[in-house]
Amino acid sequence: MRDHLTDFYFAHNLPHTLFEDLLRQTLSQRVPPQDIVPSIHTELAPLGMLFTQGEAYEALEYEERVRVEHHLEQIKVVLIKAMISDHLEYIGIAKEWFDIADLQAIRVRWIGSGKIGGKAAGVMLAECVLRKSSDWDFLQHLCVPQSWFLGADMFYQFAELNGLHVHADQKYKSEAEIRADYPTIQDQFREGRLPDEIVEGLRMILERVVGRLNR
Numbered sequence: 029m030r031d032h033l034t035d036f037y038f039a040h041n042l043p044h045t046l047f048e049d050l051l052r053q054t055l056s057q058r059v060p061p062q063d064i065v066p067s068i069h070t071e072l073a074p075l076g077m078l079f080t081q082g083e084a085y086e087a088l089e090y091e092e093r094v095r096v097e098h099h100l101e102q103i104k105v106v107l108i109k110a111m112i113s114d115h116l117e118y119i120g121i122a123k124e125w126f127d128i129a130d131l132q133a134i135r136v137r138w139i140g141s142g143k144i145g146g147k148a149a150g151v152m153l154a155e156c157v158l159r160k161s162s163d164w165d166f167l168q169h170l171c172v173p174q175s176w177f178l179g180a181d182m183f184y185q186f187a188e189l190n191g192l193h194v195h196a197d198q199k200y201k202s203e204a205e206i207r208a209d210y211p212t213i214q215d216q217f218r219e220g221r222l223p224d225e226i227v228e229g230l231r232m233i234l235e236r237v238v239g240r241l242n243r
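Okay, so the sequence shown: first residue is 29 according to this note's numbering, each after it adds one.
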């Protein structure tokens with residue numbers, strides 16, 4: 029318990045750069061096997077800390093990486109559950125294919141803090157599997173458009189901001205009631221205001237895309 033509390037208070041009160049410095053220093057010393065793994069509670073640590081530690085594990089020489097492989101897998105599972113999906117079947121496959129770089133590529137195009145959703149999760153995993161298992165000729169025809177992801181929490185924020193949560197029970201109504209309510213709900217969604225976090229995220233995407241088109 030003391031170790032868990034230490035991890036928690038370190039993560040939320042000290043700068044992430046300090047953790048990175050300590051981690052690099054520890055790994056650079058080529059310490060004995062039992063000391064390779066820093067004490068960190070993956071379920072409590074911020075995502076940035078998990079990415080840093082996961083990248084450090086993947087950068088180890090083969091002999092050292094073998095000893096921390098189960099810790100690396102645990103980090104990937106926590107990241108997948110936080111960003112993508114908590115379905116056990118999905119996690120069981122995804123942790124075998126995604127590496128930290130794949131998850132980082134999702135993270136930098138992720139708006140919000142909720143999961144990216146089932147369809148996006150499936151597309152990203154399928155792309156990863158095909159990219160890493162297909163021959164060169166096939167890869168020349170594989171093209172997945174660059175995508176950005178709105179976390180599920182953004183929809184809940186949108187609904188709360190615009191008073192739309194009152195419609196959460198629609199699926200329990202009769203078909204006639206659902207059809208009667210539909211025009212009003214459609215108008216309310218159309219007139220709704222986006223949370224500031226979504227607006228800022230979309231602005232960032234547009235600036236990046238427009239900048240690329242203007243090159």
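Glycine is no exception: its CB is placed at the ideal position from the N, C-alpha and C atoms. Quantities reported herein were computed from a predicted structural model and do not represent experimental measurements.
To the nearest angstrom, report how far apart residue i and residue j are at their CA atoms.
| i | j | result |
| --- | --- | --- |
| Q81 | K123 | 16 Å |
| E83 | H115 | 24 Å |
| V59 | R93 | Its pLDDT being 48, under 50, V59 is placed unreliably in this model, and the value from its coordinates should be taken loosely. Spanning the two alpha carbons is a distance of roughly 13 Å. |
| Y118 | L107 | 13 Å |
| P61 | E89 | At P61, the pLDDT of 48 sits below 50, so the modelled position is not reliable; the number obtained from the coordinates is stated separately. Cα-Cα distance, rounded: 13 Å. |
| E203 | P211 | 14 Å |
| N245 | G220 | There is no way to answer for residue 245, as the model of the chain reaches only from 29 to 243. |
| P43 | L50 | 11 Å |
| S161 | K143 | 26 Å |
| M111 | R231 | 21 Å |
| I103 | E91 | 19 Å |
| E235 | R135 | 18 Å |
| F47 | V105 | 21 Å |
| V151 | G120 | 16 Å |
| V96 | T70 | 14 Å |
| D163 | E188 | 47 Å |
| L72 | F79 | 13 Å |
Of the choices the options, whose alpha-carbon is the least far from that of residue i?
| i | options | result |
| --- | --- | --- |
| A154 | V96, S202, Q198 and W125 | W125 |
| M77 | N41, A180, G191 and E91 | N41 |
| V237 | P173, G146, I119 and G145 | P173 |
| S141 | G179, Q168, R159 and V151 | G179 |
| A133 | S175, E228 and E86 | S175 |
| G229 | I213, M182 and G239 | M182 |
| T45 | P74, T70 and V227 | P74 |
| A148 | S113, D163 and E71 | S113 |
| A87 | I128, I121, K109 and E71 | I128 |
Contact check, residue i vs residue j under 8 Å by CB: the rounded distance?
| i | j | result |
| --- | --- | --- |
| R137 | F177 | 6 Å |
| F217 | L192 | 7 Å |
| P223 | Q185 | 4 Å |
| Y85 | H99 | 7 Å |
The alpha helix (DSSP H) that contains residue i, what's its start and end?
| i | result |
| --- | --- |
| K160 | G146 to S161 |
| V194 | Neither: V194 is in no alpha helix (DSSP H) and is coded neither H nor E. |
| K109 | Y90 to M111 |
| L167 | W164 to L167 |
| T80 | L75 to E86 |
| G120 | L116 to W125 |
Quick one: what's got a C-beta closer than 8 Å to residue i's C-beta in the same chain, skipping five residues either side?
| i | result |
| --- | --- |
| D209 | H195, Q198 and K201 |
| D215 | none |
| I226 | I139, G140, L178, M182, Q185 and F186 |
| E101 | K123 |
Counting only the same chain and skipping the five closest in sequence on each side, list residues whose C-beta sits under 6 Å from that of residue i.
| i | result |
| --- | --- |
| E205 | none |
| I139 | L178 and G229 |
| R246 | This structure does not reach residue 246, given that the chain is present from 29 up to 243, and the question cannot be answered. |
Between residue i and the rest of its own chain, which residues show a CB-CB distance below 7 Å, the 5 nearest in sequence each way excluded?
| i | result |
| --- | --- |
| C156 | W125, F126 and D130 |
| I213 | H195 |
| G145 | A180 |
| Q53 | none |
| C171 | none |
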